[in-house]
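First the structure, in the form of structure tokens, and then the observations on it.
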Amino acid sequence: MDAHTLTHTYTDSVLRAGGVPILLAPVPDIDVGVLLDRIDGLVLSGGGDIEPERYGSKPLDSMYGMDFDRDEFEIELVRLAAKRRTPTLAICRGMQVVNVALGGTLIEDIPTEIGSMDHTVIGHHVFNGHQHVRLEADSRVAQVVGATDLEVNSIHHQAVRDLAPGFTAVGWADDGVIEAIQHEDPTWRLLAVQWHPEYLGQVDDKASRALFCALVDAAAG
Ligand code: MN
Numbered sequence: 034m035d036a037h038t039l040t041h042t043y044t045d046s047v048l049r050a051g052g053v054p055i056l057l058a059p060v061p062d063i064d065v066g067v068l069l070d071r072i073d074g075l076v077l078s079g080g081g082d083i084e085p086e087r088y089g090s091k092p093l094d095s096m097y098g099m100d101f102d103r104d105e106f107e108i109e110l111v112r113l114a115a116k117r118r119t120p121t122l123a124i125c126r127g128m129q130v131v132n133v134a135l136g137g138t139l140i141e142d143i144p145t146e147i148g149s150m151d152h153t154v155i156g157h158h159v160f161n162g163h164q165h166v167r168l169e170a171d172s173r174v175a176q177v178v179g180a181t182d183l184e185v186n187s188i189h190h191q192a193v194r195d196l197a198p199g200f201t202a203v204g205w206a207d208d209g210v211i212e213a214i215q216h217e218d219p220t221w222r223l224l225a226v227q228w229h230p231e232y233l234g235q236v237d238d239k240a241s242r243a244l245f246c247a248l249v250d251a252a253a254g
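What follows is the structure in structure tokens.
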């Protein structure tokens with residue numbers, strides 16, 4: 034039977050930051066506003082690939098975990114959250130959903146296109162910072178984490194390619210893969226990262242915890 038699931042690392046991270054986590058199940062477009070009325074901030078979690086047709090691409094063997102209902106729901110959620118400037122922390126697939134929902138595209142498979150397996154490290158390494166990411170010094174994400182260089186985890190085989198209108202890249206891995214993006218309007222308290230702070234926060238990583246604290250602070254404001 035299908036199930037809506039979320040790893041506890043997300044809810045732990047929100048709780049640790051002083052927030053109250055609520056898990057959202059997909060609802061029809063018409064109800065997304067009702068749902069957003071009842072929350073103060075949004076975490077867009079990691080997960081399977083976005084259906085390639087949604088950003089003008091085609092299915093490939095390397096793609097996995099596509100979920101029509103989840104895409105449909107999260108894309109509408111992002112469009113409305115962007116309109117309302119709902120505080121948002123977008124993680125991994127979540128950052129990709131933000132980009133696709135607002136008009137951007139994705140690299141369909143990093144190992145095929147860039148030849149790097151560095152981004153697809155799983156197992157206990159999800160709790161290790163093993164990938165160097167450089168952040169733009171004046172970006173919101175750099176200000177929140179208080180650093181321009183981070184060692185992050187990396188559990189993705191896709192990445193942002195063309196940015197949606199109004200967005201800039203503000204973080205990169207050493208191979209040039211985009212690891213953080215930012216919206217031009219600073220009143221939208223959006224943080225969007227390709228790595229997984231919800232895992233690193235479990236092992237006391239200060240930068241990761243700061244991202245969730247920034248979301249909860251924005252949501253409380
Ligand atoms: Mn990565």
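Everything in the sequence shown is counted per the numbering used here, starting at 34 for the first residue and increasing by one.
Glycine included, C-beta positions come from ideal geometry on N, C-alpha and C.
Checklist entry - Taking C-alpha atoms, which residue in Gly89, Gly66, Asp142 lies nearest to Tyr97? => result The residue given as residue 97 occupies position 64 in the sequence shown. Considering only alpha carbons, the answer is Asp142.
Next on the checklist: Please tell me whether Leu69 and Thr121 are closer than 8 Å, where the distance is taken between their beta carbons.
Outcome noted: Within the sequence shown, residue 69 is the residue found at index 36, counting from 1. Within the sequence shown, residue 121 is the residue found at index 88, counting from 1. No, these two residues do not count as a Cβ contact at 8 Å.
Item to check | Whole-angstrom distance between Thr153 and Gly81, CA atom to CA atom | outcome: Stepping through the sequence shown from its first residue, residue 81 is reached at position 48. Stepping through the sequence shown from its first residue, residue 153 is reached at position 120. Distance between the alpha carbons of Gly81 and Thr153 is about 13 Å.
Item to check | Nearest-angstrom Cβ-Cβ length linking Val203 and Met128, presumed shorter than 8 Å | outcome: Along the sequence shown, one-based indexing puts residue 203 at 170. Along the sequence shown, one-based indexing puts residue 128 at 95. Going by Cβ atoms, the distance from Val203 to Met128 rounds to 11 Å, so no, they are not a contact pair.
Item to check | Residues that DSSP places opposite Gly204 in a beta bridge | outcome: Here residue 204 corresponds to residue number 171 of the sequence shown, with the count starting at 1. Partner(s): Leu168, Ala213.
Item to check | Cut-off 6 Å between Cβ atoms - residues of its own chain near Ala134, not counting five sequence neighbours on either side | outcome: For this step, residue 134 is matched to residue 101 along the sequence shown. If we look at Ala134 and ignore the five residues flanking it on each side, its Cβ neighbours are Ile108, Val111, Arg112.
Checklist entry - How is Asp182 classed by DSSP in three states: helix, strand or coil? => result Mapped onto the sequence shown, residue 182 falls at position 149. Strand, per DSSP.
Next on the checklist: For a test of your reading of the model: does the CB of Val210 fall under 7 Å from any non-hydrogen atom of the ligand MN? Yes or no.
Outcome noted: The sequence position of residue 210 within the sequence shown is 177, counting from 1. Checking the Cβ of Val210 against the ligand MN gives yes.
Item to check | Inter-stretch contact (C-beta, 8 Å, three-pair minimum) for the stretch 37 to 45 and the stretch 182 to 199 | outcome: no
Next on the checklist: Assuming Leu224 and Val174 are in contact, meaning their beta carbons sit under 8 Å apart, how far apart are those beta carbons, in whole angstroms?
Outcome noted: Stepping through the sequence shown from its first residue, residue 224 is reached at position 191. Stepping through the sequence shown from its first residue, residue 174 is reached at position 141. Right, their Cβ atoms sit about 6 Å apart.
Item to check | Cβ pair count under 8 Å reaching 3, the stretch 242 to 253 against the stretch 59 to 75 | outcome: yes
Checklist entry - If you check the beta carbons only, do Glu84 and Asp102 fall under 8 Å apart? => result Along the sequence shown, one-based indexing puts residue 84 at 51. Along the sequence shown, one-based indexing puts residue 102 at 69. Cβ atoms of Glu84 and Asp102: not closer than 8 Å.
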